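Here's the structure, in structure tokens; my notes come after.
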Amino acid sequence: MKKKKIYNFSFIALLPVNVNLFNHQPNIEFYNHMTKIHILKTDPTDNPCVNCGACCAYFRVSFYWAESESGGGLVPQELTEQITPFMSCMKGTNQKSNTRCTALSGTVGECVSCSIYTQRPTPCREFDQSWLNGIHNEACDRARAAYGLPPLEPHLPQIAC
Ligand code: SF4
Ligand code: SF4
929 MKKKKIYNFS FIALLPVNVN LFNHQPNIEF YNHMTKIHIL KTDPTDNPCV
979 NCGACCAYFR VSFYWAESES GGGLVPQELT EQITPFMSCM KGTNQKSNTR
1029 CTALSGTVGE CVSCSIYTQR PTPCREFDQS WLNGIHNEAC DRARAAYGLP
1079 PLEPHLPQIA C
């Protein structure tokens, strides 16, 4: 089993920034894995994320500020919030109640999609649905549980991203 990474951005790996120190909101950045997934606009029978979206409405989705447009990145600036001199997050995720990324469309647990899928930040690209490629993601389970959804089972098909 792969070891979980603490930071997903190699270029900030030396910065002692733990944004959880500023907010007790669970942080999606800390639960990244090496492979890619996320809310894909694909056949729901192939991808449970399209019927879920819980992680987009549970964790603070934080990333190095330069991933947003003002830093030359792709993430639409108006959908981000700066949380430290180095870190930004998706608007709507830096709050303890009614947490929900402003880019998330649809209803959590029913049918969702990411309205900025091709421009989403790194943590979204790297957060894996549980059991993708045989790797359990406890954070996926926890986000789903917060919405009354059962954990994914380990026999899901692998999804090429
Ligand atoms: S940017 Fe898209 S994938 Fe990332 S948290 Fe928001 S809705 Fe989810
Ligand atoms: S909580 Fe898990 S299953 Fe739900 S959208 Fe996120 S990665 Fe996919």
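In our numbering, the protein residues as written are 929 to 1089. Where a beta carbon is used, it is the ideal one built from N, C-alpha and C, also for glycine. Computed from a prediction, not measured in an experiment: that's the story for all the values here.
{"query": "heavy atom of ligand 1 below 7 Å from I1044 C-beta", "result": "yes"}
{"query": "beta-carbon R1028 near ligand 2 non-hydrogen atom, thresh 7 Å", "result": "no"}
{"query": "Three-state secondary structure (DSSP) of D992", "result": "According to the sequence shown, residue 992 is Tyr rather than Asp. Y992 falls in the strand class under three-state DSSP."}
{"query": "Boundaries of the alpha helix (DSSP H) in which E1054 is found, first to last residue", "result": "1050-1054"}
{"query": "Rounded Cβ spacing between L1007 and K1024 (contact assumed at less than 8 Å)", "result": "Incorrect: roughly 20 Å between the Cβ atoms, too far for contact."}
{"query": "Whole-number beta carbon distance between C980 and G1062, since they are thought to touch under 8 Å", "result": "With 8 Å as the limit, G1062 and C980 do not qualify as a contact, their Cβ atoms being about 19 Å apart."}
{"query": "Check: C1052 C-beta below 7 Å from any heavy atom of ligand 2", "result": "no"}
{"query": "Validate contact between the stretch 1060-1076 and the stretch 992-1002 using beta carbons, cut 8 Å, 3 pairs", "result": "no"}
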